[in-house]
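Contents: one structure, followed by commentary.
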Ligand code: CP
Ligand code: NVA
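Residue numbers (the numbering used here): 37 to 357.
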């Protein structure tokens with residue numbers, strides 16, 4: 037197998053078969069935490085944060101350690117990157133020491149620039165545009181509750197709320213890659229960018245999925261297998277709190293909306309959640325909610341992703357399955 041440097045900057049960086057491979061691997065890591073140890077050494081992976089995090093920080097720190105490696109976690113406030121050192125310079129330094137870079141940042145251009153100067157895999161740990169690691173954990177959770185990865189393409193998923201944010205974009209692309217029927221609903225002014233919808237539709241046409249963008253929350257949820265939501269105010273948008281408190285109330289995931297989905301529909305939320313805003317406590321703390329499985333799967337899905345990317349980079353087929 038020829039070595040191939042691959043990055044995970046947006047959800048469509050994996051094709052249908054590759055996404056399946058990573059999710060199968062994630063389920064194996066869930067069954068056996070120490071299934072593969074590609075970073076035995078320990079080899080270091082740099083994990084950079086320009087925004088706060090609980091789940092991503094803990095899952096990558098613990099995950100890299102469980103893969104036999106050393107997680108070098110750096111916050112913006114403690115790095116020269118935070119004082120304006122160019123991304124390209126930081127990339128070339130880290131590249132000489134670490135075996136991969138994981139970065140939570142603002143602009144998508146940042147992770148793209150990091151990848152341009154890296155000879156090791158770069159992973160997007162959330163940007164303003166995408167959160168691909170979360171989608172892998174979410175789809176692993178569906179697969180585990182729905183009889184396996186092969187059943188993902190039969191699923192109809194509905195995302196409600198801020199349909200212009202990173203989660204919405206990632207459900208569109210990731211769901212299209214999986215061959216799902218993807219519906220996203222949000223108010224006018226908070227709908228996804230046309231280029232992302234076009235990309236999702238092009239991919240869905242190849243995988244047998246479909247893409248629906250609507251302002252009608254009831255139509256989106258009707259008969260869905262899984263309902264998702266997210267905060268109405270993402271990190272970096274705190275100044276918009278006042279203007280973001282009004283338009284989303286019709287999209288709150290409550291018992292009435294959940295009743296329109298399939299009777300056994302799952303509820304997921306990437307967390308952190310704001311009970312009484314985007315979701316009621318009756319739903320997130322209710323019997324259809326799988327949010328704790330979802331959060332736990334961040335660990336397994338990201339270990340699978342890092343192992344798969346490392347297998348590709350090294351040309352080591354044994355790390356792909
Ligand atoms: N869902 C998620 O990425 O959570 P954190 O912001 O806590 O990392
Ligand atoms: N859309 C949210 C996701 C948090 C994990 C944000 O970007 O803040």
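Backbone N, C-alpha and C fix where the C-beta goes; we use that ideal spot for every residue, glycine too.
Distance CB(residue 214)-CB(residue 166) smaller than 9 Å: Here residue 214 refers to the residue found at position 178 when the chain shown is read from its first residue. Here residue 166 refers to the residue found at position 130 when the chain shown is read from its first residue. No, Cβ-Cβ distance for residue 214 and residue 166 is not below 9 Å.
Through-space distance from residue 243 to residue 52, alpha-carbon basis: Residue 52 sits at position 16 when you count from the first residue of the chain shown. Residue 243 sits at position 207 when you count from the first residue of the chain shown. If you take the alpha carbons of residue 52 and residue 243, they lie about 7 Å apart.
Straight-line Cα distance separating residue 48 from residue 42: Along the chain shown, read from residue 1 onward, the residue named residue 42 stands at position 6. Along the chain shown, read from residue 1 onward, the residue named residue 48 stands at position 12. When rounded, the distance between both Cα atoms is 12 Å.
Exposure label - residue 277; buried when at least 16 CB within 10 Å: Your numbering for residue 277 matches position 241 in the chain shown. Exposed: under 16 other Cβ atoms inside 10 Å.
For residue 264, three-class secondary structure by DSSP: Residue 264 sits at position 228 when you count from the first residue of the chain shown. It is a strand residue.
Under 9 Å between C-beta atoms of residue 239 and residue 206: In the chain shown, residue 239 corresponds to position 203, counting from 1. In the chain shown, residue 206 corresponds to position 170, counting from 1. Cβ atoms of residue 239 and residue 206: not closer than 9 Å.
Length at least 3, wholly inside the stretch 146 to 233: the beta strand (DSSP E) runs in chain order: Taken in chain order, the complete beta strand (DSSP E) segments of 3 or more residues contained in the stretch 146 to 233 are 158 to 160, 192 to 196, 217 to 221.
Straight-line Cα distance separating residue 162 from residue 138: Within the chain shown, the letter at position 102 stands for residue 138. Within the chain shown, the letter at position 126 stands for residue 162. If you take the alpha carbons of residue 138 and residue 162, they lie about 10 Å apart.
Cβ contact check for the stretch 106 to 123 and the stretch 78 to 95: 3 or more pairs under 8 Å: Counting Cβ pairs under 8 Å, three or more are found: they touch.
Stretch pair the stretch 285 to 299 + the stretch 313 to 322: three plus CB contacts closer than 8 Å: Counting Cβ pairs under 8 Å, three or more are found: they touch.
Residues that DSSP places opposite residue 315 in a beta bridge: In the chain shown, the residue the question calls residue 315 occupies position 279. For residue 315, DSSP records a beta bridge to 289, 311.
Counterpart residues of residue 253 in DSSP-defined beta bridges: Locating residue 253 in the chain shown gives position 217, where the first residue counts as 1. DSSP lists no partner for residue 253.
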